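So the protein lines, in turn, are chains W and A.
Per the numbering used here, the very first residue in the first sequence carries number 371; after that it's consecutive.
Per the numbering used here, the very first residue in the second sequence carries number 5; after that it's consecutive.
The block underneath contains the structure these notes are about, expressed in C-alpha cells.
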Amino acid sequence: MENVLTAVPLVVLFPLIGALINLFFGKSLGEFGVGVVAVTASASAFVTALFMWAGLVAADYEAAVVVPPLLDAWIRIPAAGVEIPWEFRVDTLSVTMMLVVSGVGTLIHLYATGYMHGDSRFPRFFVYLNLFLVFMMLLVTGNNLLMMFVGWEGVGLCSFLLIGFWFDKAKGEGWKNSNAARKAFIVNRIGDFGVLMAVFLTFWTFGTLDFYKPGEQPISDHGYGGEEHAFVYEVAQADDEHGAEEAQGDEAEHADLSQMGIYNQAEIMFTEGGHHVSFGSVSLDFEDLMIFITLFMLLGVTGKSAQIPLFVWLPDAMAGPTPVSALIHAATMVTAGVYMMVRSNVFFYYTEFSSFIVAVVGCLTAIMAGFIALGQWDVKRVLAYSTVSQLGFMVAAVGIGAYTAAMFHLATHAVFKALLFLGSGSIIHGMEHGHHHLHGQAHGPGHEPEHDEEHAHNAPADDHGHATEHAHHEDDAFDPQDMRNMGGLRHKMPITYWTYVIGTLALAGIFPLAGFWSKDEILVDALLVGWEDGELRGYFTWLILLTAAAFTAFYMWRQVSLVFYGQPRHAAAEHAAESSPLMTLPLMTLAVLTIGVGFVNLPTDTPILGALIGEHYFADWLIHSVAHAHAGVFLWWLAILATVVALGAIFYARQIYNDDAMRDLHRDPLQALDPRASDAFRRANARLYWDEFYNKRLEQPFNRAAQWMAHRLDWAFWHDFVHERVLFRSFHLGSHGLSNTVDRRGIDQGILLLTARSVGEIARRLRRVQTGFVRIYALTVVFGTVVVVLVILLPVLRDLVGI
Amino acid sequence: MELQTTGVSIASVVLFAPLVGLIPLLFFGRLSDQQVRISTLITTLVTFGFSLLMLGSFDSADGGMQLEHIEEWIPGLGIYYHVGVDGISIWLVMLTTLIMPIAVLASWTSITERLRLYHGFLLMLETAMLGVFLSLDLFMFYIFWEISLVPMYFMIGIWGSKDKTNFFGREMEARIYAAVKFFLYTMAGSILMLLAILWLGNNAGTFDVTLISQMLRDGTLLLDTDTERLLFLGFFLAFAIKVPIWPLHSWLPDAHVQAPTAGSIILAGVLLKLGTYGLVRFNLDFFPNAAIDFAPYIAALAVIGILYGAWVSYAQTDVKKLVAYSSVSHLGFVVLGIFALNSTGVQGAVLQMVNHGISTGGLFLLVGMLYERRHTKAMNAFGGIWKVMPIYSGFALVITLSSMGLPGLNGFVGEFTILLGSANSEVISIWYTVLATIGVILAAVYMLYMFNNVFMGSVDKEENQELEDLSWRRNWYELSALIPLVILAFVIGLYPTVFFELMDGAVSNLVSHFDATLIAGR
C-alpha cells in the first residue's frame, strides 16, 4: 500500500491528459464527449487522491517525497549549489488539499457540463477547467516553494483565462470581462512579487527550497488537548518546551542543518535562537530575517487569497462563468494563500510580529468585506464579498496560530461556498430561462427595474452561457443576476432553494452544519490566545470575527429573502424554472456534504456528539504534517453565543427584508430604516470606494507617469531633443565651423543627412530603375564582404591547399 | 606566447556554412523567387544541423574552450585565425542558427523585392554574428562585430517600413533615418573598443583571447587600476550601446519599428546578444577588478532599464514599439545577472539571453504576421483577434506568457535565476533585487495591456472580421516558424538543467576570480 504514494504525479497527469485531449480533439468530440473526458479526468484525480489518503493511512501517516519519472531536476546549477527539483510531496496536508480540490472540482465539472451547454466554446472551457486542476494540484503537491509557485501562478493564469472567457461579448461586456481578467492577473502579480522575494530570501537563508527532504518528518510539538485538559494552550506551551528539547536533541544527532528542509531548519534555528544569517549584501539576525520572509509571504497571500489591500480583483472576477466562480474564486484557488501559510506554519508560529499583522489583515478583511456584502444587488457579488470575508477568517486563524482551524474552515468553506455559488448559477439559469420563455411568447410587460445610479455603478456582468440564444434580445437591459429582479423563487426552484438555504445556514454558522464547527473553532482558539496567553491579537480577533459572523448571517439571509421569498418582482422570475439534473445533482451532493463534513473535526470535549462520533479526527490527521497544529476545544457558552448571534442576525434580516418591504425595491429596505442605516448601505453599495481610490491614487498616476515617461521624457526629450537637437546639431555646427570651404549644401544637411541621403538615393534608384546599377551595387557589397571574409579565411585556405 | 595550430574543427564549418549559400544566389542566374527562398532556408537549416553536431561533440565536463580551430594569420602581430566554443558561447551559437531559419520563414511572403540581395544579406549576417560568438581573436572579433552592422543597415534601409518621418523640417523615409541612426550609434560605440583592443594587442603581443585571458590571470600582463578601468569602459561602451543598456537605448525603438519582421527578429533575437555576450566574454573575463568596482553602477543602470523599459512600453500605442521597449526591460535583467558576478546570476543571464531570443523573437514574428494581414501595428486597430484567429492567438498567448515570465515557461527560469543570483551578490545590494523583482509585476502590466487590447475584447472593427488563421495548407511557413519557438519555450521552462549543465564549467571558471578577488578584498 505504501507504494501507492509513488503514484501521486497522476493527480497532475490525469487533468493534463484531459486538457490536452479536449484542446486537440474537443471540436470533434462534441459536447457530450468533451464533458465525459473532462469529468473523467477530474474524477480520476479524485480517485487518485483517495488512494493517496488510503496509502498515507497505511503508511502510518509517514509523508512521502516522490520524484516523477523523466523530469527530475528543474533548476540545478552545480557551481552555485542551487538545486531545485521537481518533487511531489504526499502528506496529510497535501492530501487534504488534493481531496478538497478534486472532490469539489469533480462536482463542479459535472455541473458545468449542464451550465455551459450550448456555449460556442464549450470544449475550450473544459480545457481551462482541467488545466486549472493541473496547476492547483501542482500547487498543493509540490515539495518546494518554487514548485508551489508554478502552481500558484498557473492557477492565476487559468483564472485569467476563465474570467475573460466571454471576452467577445458585444456592447462593451466583452471588454469589461477582459479587463476584469487582466485586473485579476496584475493584482495577483503584485502578490507574487512578495512570494518571489520570500523565495529568494528563503533560499539563501536555508540553502534549499524543499519543505522537507525525503525521509524527513516535521519536528513537531503536538500541543493539543489531552483528555483532562480543558484549555489547549497550557498543554501547547508545556509541549513546546519539550519540543524544543527534542529539536535540540535532533540537532545534536544530525548536526548538519543542510540535510534538512526549510521548516525543520527554521524550527531548530528558532528554538536554539541567536542565529545570524548573512549572504550577499544581507546580514541579519535570523529572527528579523524571518519577519521579512513571512511579511513577503503575506503580501502574496493578500493577492491570491484576496485580502486587504489586494482583494479588489476578486469581486470583478465574477465576470467569469459561474462554475468558475465556484471552483476557482471560492473553493480552491483563493485558499492557496491560506495553504501556503499553514504549510509554512513554523515560520509564522515563531515570528510573533508577522502573526500579529496576519491576524490584523485577516480581521479587517473579514469585517470589511462582510460589510460591503450587505449592500450588493448582484447575486454573485454578495457571494464574492462573502468569500473575501471568509478568507479573512482563515487568514486571521493563521494569525492567531490556529492552523488546524484555518485548514478546517478552508475545507468546509470550499464545500458550502461551492454549493452557494452553484446555487446562484442555478438561480441565474432559472431567471434566464424565465426571461427567455417570456420573450418566446410576447414581449415582456415592461416590468423593468429602475436602473438607478447605484445599480449602473455596480455594473454586474451579464453572466450566462447562451450567447447565441440570447443574441436576439440583447438590446434588453434585463440583468438575470440582479436580485431586484428576483423574488419568490422558492416555489419555482425548490431544489435550488433548499440546498441554498442549507448552504446559507452553514455559512452563517448554525449548529450542526459544517460552518458552525469550523467557525466556532476559530473563535474559541482566538479567545484562548487572548485569555491564556494574554495576547492582544486573540481578543480583537475574537471580537471582530464574531461581529463579522453576525454580518455574514445578516447579508446571507438578506440574499435568501430577496431571491426566494416574497413575490416575483420581474416577469422573468415568474417564469423561472428549476435547472436540469446535471446541475441539481451536484447541488444536492454538496448539500449533504455541507451537513456532514463538520463532524470530522469535533472539538475536544464536545458533549454527546464527541462520544458518539469521536473527536478531532481532522486535527489528529493534520498534525502529521503541520508541526504546530492543535485541536480545538469546545466552549459551551461561546458556542451558544455564536449561535445566538447568527440566529439573531438572521431573524433581524428577515424582519427588515419582509415580504412587504421587498415589494418595491427602488431602494433597499435598510435605507428606509433610518438615515444612518441608509448611509451605511450607500457606502456598502459603493464598496467603500476601494476601487475608486485605487483608480485615482494608483492607476491614474501610474498611467500618467507612463505617458509622461514615454512621450515626454523618452521621446520628446531624450530621443528628439538630446539626440537630434543637441548631439546632431552640435556635430553639425562643429563641422560647419571647420569646413567653410566645402559645398554649403552638403554642410547644410550635415554629415548625418548626407549619409542618409545617399542611402535614400540608392534605395530610390534601386526601387525605380532595375538597371545594371542594381547588380553592380549588390555585387559590390557582396563581393566586398566576401573579400573581407576571404582575408579572414586565408590561413584556413592556405592550410587546406597545403602551402 | 604561441598557440599551436590545429586542424579544421566543426566550429569553422558552422561559421562559414552560411556563406556557401551565397553561391547559388550570386552565380545561378535563373533562380525563381521561390528557389531563392528555398535555397536560403536549406542553407540556414544545414547550418543549424552543423551547430547541432557541434553541440553533440561538446564535452560538458570541460569548462574551457573546445572544438578550437587555430591557424596562423598575421604572425607578426600575433593575430591568429582562432575559433572555438565554450559553455557560454555555444548557446548563443545555437540561438543564432535557430533564429536564422525562422527569419527566412518570416520573410517568406513579406519580402518580395530584390530577393537575392535580401537573402544574401541574411546569410552574410548569420556568418557575421556567428563570427562574433566564435572568434577567439580580438582582431577577428572586431571585424565580425563591425561587419554585422552592414547587412542589418541595408535590411532596415531598403526593406524597412514605408513610414515617413520629419527630420528638421524635411520629410524623409523613417527607415533611412532608423538605419543611419542604428549604424552611427553602434559605430560610435565601437571606436573606443577598437582602441582598447589595440592597446591590449600591443601590450600583450597577441590578439588572442585565450592567451590574453591567461596572461591577465597569471600576472604576465599586469594592468594598473586606471588602465584596467579605462579598458573596461572602452569595451563596455560598445557593448552597452548594442545591448542597449539604459540610457543608450534611443536607437532601438527606431530600428525595431522600421525594420522588416525578419530584421526585428534577428535584431532582438541575436544582435542585441552580441552586446551581452561581449560583457561576459571580455569585461568580466579580462577586467575582474574593474568589473567589481563598476558593478553597482552598471547594475543600477540595469535596474533602471528594467523599470523604465517596462513603464515606457506600457504607454506605447504601436505594438512593435511596445515589444521593442520591452527588450530594454528584459535585457536589463540580463545585465543585472551578469553584474551580480556570481555563477547563479551569470548562468541565469546566459540562459535569459537565449530566452529573450525565443520570446521576443517570437513576439516580433507574431506582430509581423498580424501586420501582413492588417497592414497596421496600431494597437487600437485590433481587438478580439482571439475569436477570429484562435490558433494564432493560442501561440501568441504562450509567447506572451513566456515573455512575462510565467513559471513553467522559459522566461521564468531565466529571470528567477538572475534574481536569485543578484540576491546573493556580494557586490550589489539586496535592494537591486527588490526593485528588479518589481519589474516582474510591470512585465505583466504591459504584456497584458498588449494582449488584452489586441487579442481580447469584442471584434469591433469590420476589417478584423475575416482575418485568416494559421493553417498548414495555406501558410505552412508561419506555423513552422512558430512551433519550434513554442516547443523550446516549454523545454527550457520545464527542464533547463541541460542548459545550465553545459555552461556550468565555463561560468565557474569565469567567476572563480571574482570569488578570489572578493575574498582577498575582505
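The beta-carbon is built from N, C-alpha and C at its ideal position, and this holds for glycine as well.
Quick caveat, the model's predicted, so the values are computed rather than measured.
| Asked | Found |
| --- | --- |
| DSSP three-state assignment for residue 856 (chain W), whether helix, strand or coil | coil |
| C-alpha distance - residue 677 (chain W) paired with residue 92 (chain A), whole-angstrom precision | 44 Å |
| Rounded C-alpha distance that separates residue 478 (chain W) from residue 960 (chain W) | 10 Å |
| 8 Å Cβ cutoff, residue 478 (chain W) in contact with chain A | no |
| Whole runs of the beta strand (DSSP E) within the region 159-183 of chain A, excluding any shorter than 3 residues | 168-171, 174-177 |
| Whole alpha helix (DSSP H) elements within the region 697-759 of chain W, 4-residue minimum | 706-713, 715-720, 722-743 |
| Delimiting residues of the alpha helix (DSSP H) encompassing residue 360 (chain A) | 347-378 |
| Top-ranked residue by Cα proximity to residue 486 (chain W), from W:401, W:702, W:975, W:720 | W:401 |
| Within 7 Å of chain A by C-beta, residues of the region 652-674 of chain W in sequence order | 652 |
| Cross-strand partners of residue 1241 (chain W) (DSSP beta bridge) | Given a span of 371 to 1173 for chain W in the structure shown, any question on residue 1241 (chain W) remains unanswerable. |
| Where the region 292-312 of chain A meets chain W: residues whose CB sits under 8 Å from a CB there | 312 |
| Among A:461, A:505, A:398, nearest to residue 544 (chain W) - alpha-carbon criterion | A:461 |
| Chain-ordered neighbours of residue 548 (chain W) on chain A, where CB pairs are closer than 8 Å | 456, 460, 461 |
| Rounded C-alpha distance that separates residue 902 (chain W) from residue 873 (chain W) | 34 Å |
| Best match in W:884, W:856, W:908, W:998 for proximity to residue 972 (chain W) [C-alpha to C-alpha] | W:884 |
| Collapsed DSSP secondary structure at residue 430 (chain A) in the structure displayed | coil |
| Interface flag, residue 396 (chain A) vs chain W, CB-CB below 8 Å | no |
| Whole-angstrom distance between residue 343 (chain A) and residue 303 (chain A), CA atom to CA atom | 6 Å |
| Coarse secondary structure for residue 320 (chain A), derived from DSSP in three states | coil |
| Residues, ordered as in the chain, of the region 516-536 of chain W that lie near chain A by beta-carbon distance below 7 Å | 519, 520, 523, 524, 527, 534 |
| Collapsed DSSP secondary structure at residue 473 (chain A) in the structure displayed | coil |
| Proximal residues to residue 995 (chain W) (C-beta, below 7 Å), its chain only, five neighbours per side dropped | 433, 461, 462, 463, 588 |
| The beta strand (DSSP E) enclosing residue 655 (chain W), as first and last residue numbers | 652-655 |
| Own chain residues within Cβ distance below 7 Å of residue 25 (chain A), not counting five before or after | 43, 44, 47, 127 |
| Span separating the alpha-carbon of residue 1061 (chain W) from that of residue 704 (chain W) | 20 Å |
| Same chain only: Cβ atoms within 6 Å of residue 155 (chain A), ignoring 5 sequence neighbours per side | 125, 128, 129 |
| Cβ contact (3+ pairs, closer than 8 Å) linking the region 57-76 of chain A and the region 448-467 of chain A | no |
| Stretch-stretch touch, CB-based, cutoff 8 Å, three pairs: the region 1079-1099 of chain W with the region 319-338 of chain A | yes |
| With 16 other Cβ atoms within 10 Å as the buried cut-off, status of residue 391 (chain A) | buried |
| Cutoff 8 Å: residue 500 (chain A) Cβ touching any chain W Cβ | yes |
| Contact set between the region 550-561 of chain W and chain A, restricted to residues whose Cβ is under 8 Å from the partner | 551, 552, 555, 556, 559, 560 |
| Span separating the alpha-carbon of residue 753 (chain W) from that of residue 260 (chain A) | 48 Å |
| Per-residue DSSP class, three states only, for residue 61 (chain A) | coil |
| CB of residue 934 (chain W) within 8 Å of CB of residue 860 (chain W), strictly | yes |
| Residue 254 (chain A) versus residue 182 (chain A) - alpha carbon distance | 10 Å |
| Boundaries of the alpha helix (DSSP H) in which residue 1036 (chain W) is found, first to last residue | No alpha helix (DSSP H) holds residue 1036 (chain W); DSSP gives it neither H nor E. |
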